[in-house]
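Enquirer: Structure provided below as C-alpha cells; questions to follow.
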Amino acid sequence: MCYVLPESVDLADAALIEPLAVGRRALTQSGVLVGEWKEKAVLVLGGGPIGVAVVWNLKAFGAERVFISEPTALRQRQCRGLVERVFDPRMEGVAEECRKLTGGEGMDVVIDCAGVGPAMRDGMDALRRKGTYVNVAGWETPFQLPMQFFMMKELVVRCTLAYDDADFADTVADFIAGKYKGAEKMVTSRIAIEDIKEKGFEQLVKNKDEHIKILATPKRELLGK
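So, in C-alpha cells, the structure goes:
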C-alpha cells in the first residue's frame, strides 16, 4: 500500500494525491472512457476541495469544455482560470446558460460535489437527454431526484465513494508524470501542526469557503520556504 515517489516530487505537493484520487474516481465511475473526455461538456457543481480536485482530473484527462457552478465569491475567484466559465447560481440560470454554450444540447456529464437540492436541480436541468449525473458529495439531507428531469430525459445517475487501489495508483503515476502540474494551487494555507486547532480545524469550520486545502507540517521551518 506504499508508493515510492521520486526525489523530484515535493512531498508537500504530493499530499494532494489523496484528494485528487477522490476526484479521479468520479471520472472513472462515470461510464465515460478516458479518451472520450475531450469531446464532453462537463458541469461541476461546487468549487470546494473535491470540486477542484475533479477539475484537475478533467484537465489531466484532456477535457476541454469544463464549467463550475459555485455560489460563494471567493471560491468563484479561486476557480476562474481553471475552467471555461464559472457560474453564480444565485445570479444566473445555470441550466439555461449551459444550453446556450452547447448549441441548445446541454451538458454531457454533471458531477455533483455540492450535495444540496438546488444545485442538483440546476445540474439535472442542465444535462442533455440521456446525460450522466455523477454524485460525489456527501448529502446531509435525503437524496431526492427531480423526476421532471430524471425521468423525462432518461438520465443516468451514478455515485462514487472515495477511490479504489487502481484509482489511487493511477493518480500517483499521473502525478509523477506531471499531469497535475499546477494542482498545488489547491493549498490555500500552510501551517505548523501545533497550530492545527486554531488555524486548521477552526478555519475549516468557521471560514470553510475561504479555503480549499490547508496543509500542516511538523517542521515549522519549512513554512518559510
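Be aware that the sequence shown starts at 1, since it is given in full-length UniProt numbering, and climbs by one per residue.
Yeah, the Cβ is synthetic: ideal placement off N, Cα and C, and Gly gets one too.
In this text, all values refer to a predicted model and were calculated from it rather than measured experimentally.
(1) What residues match up with D112 in a beta bridge as DSSP calls it?
(2) When you compare each of A26, I193 and P218 to V109 by their alpha carbons, which one comes out closest?
(3) If I measure Cβ to Cβ from K153 and keep anything under 6 angstroms in the same chain, skipping five residues before and after, which residues do I get?
(4) Quick one: Cα of A60 to Cα of K179, how far?
(5) Can you give me the Cβ contacts of A12 inside the same chain, cut-off strictly under 7 angstroms, excluding the 5 residues immediately before and after it?
(6) Given T160, which residues of its chain have a CB within under 7 angstroms of its CB, disregarding the five upstream and five downstream residues?
(7) Could you tell me the distance, in whole angstroms, from the CA atom of E210 to the CA atom of L222?
(8) If you drop the 5 nearest sequence neighbours on each side, which residues of the same chain put their C-beta closer than 7 angstroms to that of A162?
(9) I'd like to know whether the C-beta atoms of V42 and L58 end up nearer to each other than 8 angstroms.
(10) In the DSSP assignment, the alpha helix (DSSP H) including V22 goes from what residue to what residue?
(11) To which residues does DSSP link C159 through a beta bridge?
(12) Spell out the partners DSSP gives V66 in its beta bridges.
(13) DSSP on I214, reduced to helix/strand/coil?
(14) Return the CA-CA distance between M91 and L74, expressed in angstroms with no decimal places.
(15) Among K213, R220 and Q203, which has the Cα closest to the Cα of L20?
(16) If you draw a straight line from the C-alpha of M151 to the C-alpha of V157, how long is it?
(17) Do the CB positions of A126 and A95 come within less than 8 angstroms of each other?
(18) Within its chain, find whatever has a CB closer than 6 angstroms to the CB of A114; leave out the 5 residues flanking it on each side and keep chain order.
Expert: So, to answer that:
(1) For D112, DSSP records a beta bridge to L45 and N135.
(2) Distance from the Cα of V109 is smallest, within the candidate group A26, I193 and P218, for A26.
(3) If we look at K153 and ignore the five residues flanking it on each side, its Cβ neighbours are R129.
(4) So the two alpha carbons sit approximately 5 angstroms from each other.
(5) For A12, the CB contacts under 7 angstroms within the same chain, skipping 5 residues up- and downstream, are L215 in chain order.
(6) For T160, where only same-chain residues beyond five positions count, the Cβ hits under 7 angstroms are R25, A26, Q29, V134 and V136.
(7) Their backbone Cα atoms lie some 23 angstroms apart in a straight line.
(8) Excluding positions up to five away in sequence, the list reads V22 and R25.
(9) Yes; because the gap between Cβ atoms is below 8 angstroms, this pair is in contact.
(10) I17 to T28 is the span of the alpha helix (DSSP H), which, as asked, contains V22.
(11) For C159, which the question treats as bridged, DSSP gives the partners N135.
(12) Looking at the DSSP assignment, V66 forms a beta bridge with V42.
(13) Note: I214 maps to strand in three-state DSSP.
(14) Rounded to whole angstroms, M91 to L74 spans 15 angstroms at the Cα level.
(15) Shortest Cα-Cα distance from L20 to any of K213, R220 and Q203 involves K213.
(16) Counting only the Cα atoms, V157 lies some 11 angstroms from M151.
(17) Going by beta carbons, A126 and A95 fall inside the 8 angstroms limit.
(18) Cβ within range, chain order: L45, G46 and A137.
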